[in-house]
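All remarks here apply to the structure that follows.
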């Protein structure tokens, strides 16, 4: 017996060399209950490694013929899936961009609003906006400067009022900062630059593409300790934005308050000073209390001016 045959027999026979017949290779049972052993080309039994059905299915379905789209040159692994995914991503990006453009809100796609500024120049004063025109987007805040010049020979109190035109669209631009009016005390020949800011509402009608903001001097009088003049200055600084120039309740900010602002002129003729001081000092409804900001003399000066307004009202 040749040496190779002896080695083959020794492999399958018992180690004791008793000459007992060779044992067949043990057959292993797979999880399906079927035999999973094979015979190698050399005649030896070898167990087939365990592989789940999901793994096997994935391996079979991931292989495609070399002629598939996206396959590489002969001899290299095809990569059709990567090419397909990139194409899908590109298509999705293009389609998503088209949807985004199609779904842009009208306010964002609307044309900007043009705001023009107007002033006035008189013998004793000048009110001149630094910027004559500006183009702003809807839903944004913008700021500019207004220069007020005392051209007289004495110290003056200038009360400047701002008016927005057209009147029917005045609510589309909201005064910020110093509000619709402001008061300055200017020495002879002095000029002051006042920053003013506005908010352009996002829901401005598309046909309203231009506004005009006009600055005018409401009062220009010598600085005095006269209580009526002091009260007039306080009213212009703190009250006119809601109550209006003549206390009619037509101020530019009052229209945004729930229920609006009532006409004060009847009450100014009928109520006692004590009642007016109490209402102004403690506040009522949406009107805040002014007693923390104004002292007793300033509150009384404000009542003096309100009385003057009530007498001059038609």
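Residue numbers (the numbering used here): 617 to 930.
Cβ atoms here follow ideal geometry from the backbone N, Cα and C, with glycine treated the same way.
Per DSSP, the unbroken beta strand (DSSP E) holding residue 730 starts and ends at 729–734.
Under the three-state reduction of DSSP output, residue 781 falls in the strand class. Between the alpha carbons of residue 914 and residue 825 lies a distance of about 43 Å. With fewer than 16 other Cβ atoms from the protein chains shown falling within 10 Å of its own Cβ, residue 792 counts as exposed.
872 is the residue among 784, 769 and 872 whose C-alpha sits nearest the C-alpha of residue 858. The shortest C-alpha to C-alpha distance from residue 855 to any of 731, 902, 810 and 889 is the one to 902. Approximately 18 Å separates the beta-carbon atoms of residue 774 and residue 733; this is outside 8 Å, ruling out the contact.
If you look at residue 885, you'll find it in the alpha helix (DSSP H) that goes 881–886. Distance from the CA of residue 787 to the CA of residue 900, rounded to the nearest whole angstrom, comes to 24 Å.
About 5 Å separates the beta carbon of residue 816 from that of residue 729, a gap short enough to meet the 8 Å contact definition. The three-state secondary structure of residue 744, taken from DSSP, is strand.
Between the alpha carbons of residue 752 and residue 883 lies a distance of about 42 Å. For residue 737, the pairing in a beta bridge is given by DSSP as 742. With fewer than 16 neighbouring CB atoms inside 10 Å of its own CB, residue 911 falls in the exposed class.
By the beta-carbon neighbour count (other beta carbons within 10 angstroms, threshold 16), residue 886 is exposed. Pairing residue 764 with residue 758 gives a Cβ-Cβ distance that is not under 8 Å.
With respect to residue 814, residue 790 sits close: the two C-beta atoms are nearer than 8 Å. Rounded to whole angstroms, the Cβ separation of residue 840 and residue 804 is 15 Å, and the two are not in contact under 8 Å. The beta carbon of residue 926 sits closer than 7 Å to the beta carbons of 881, 884 and 885 from its chain, once the five residues preceding and following it are set aside; these are given in chain order.
Taken through DSSP and simplified to helix, strand or coil, residue 930 comes out as coil. Residue environment for residue 863: buried (at least 16 other C-beta atoms within 10 angstroms of its C-beta).
Counting the other CB atoms within 10 Å of its CB gives residue 780 a total of 16 or more, which places it among the buried residues. Taken through DSSP and simplified to helix, strand or coil, residue 857 comes out as helix. Residue 852 is classed as buried because its beta carbon has at least 16 other beta carbons within 10 Å across all chains shown. Taking the Cα positions, residue 748 is about 15 Å away from residue 742. Residue pairing by DSSP leaves residue 913 without any beta bridge partner. Each residue's CA atom was taken as its position, placing residue 820 and residue 755 some 9 Å apart. Burial is judged here by how many other beta carbons sit within 10 angstroms of a residue's own beta carbon; residue 766 has at least 16 and is buried.
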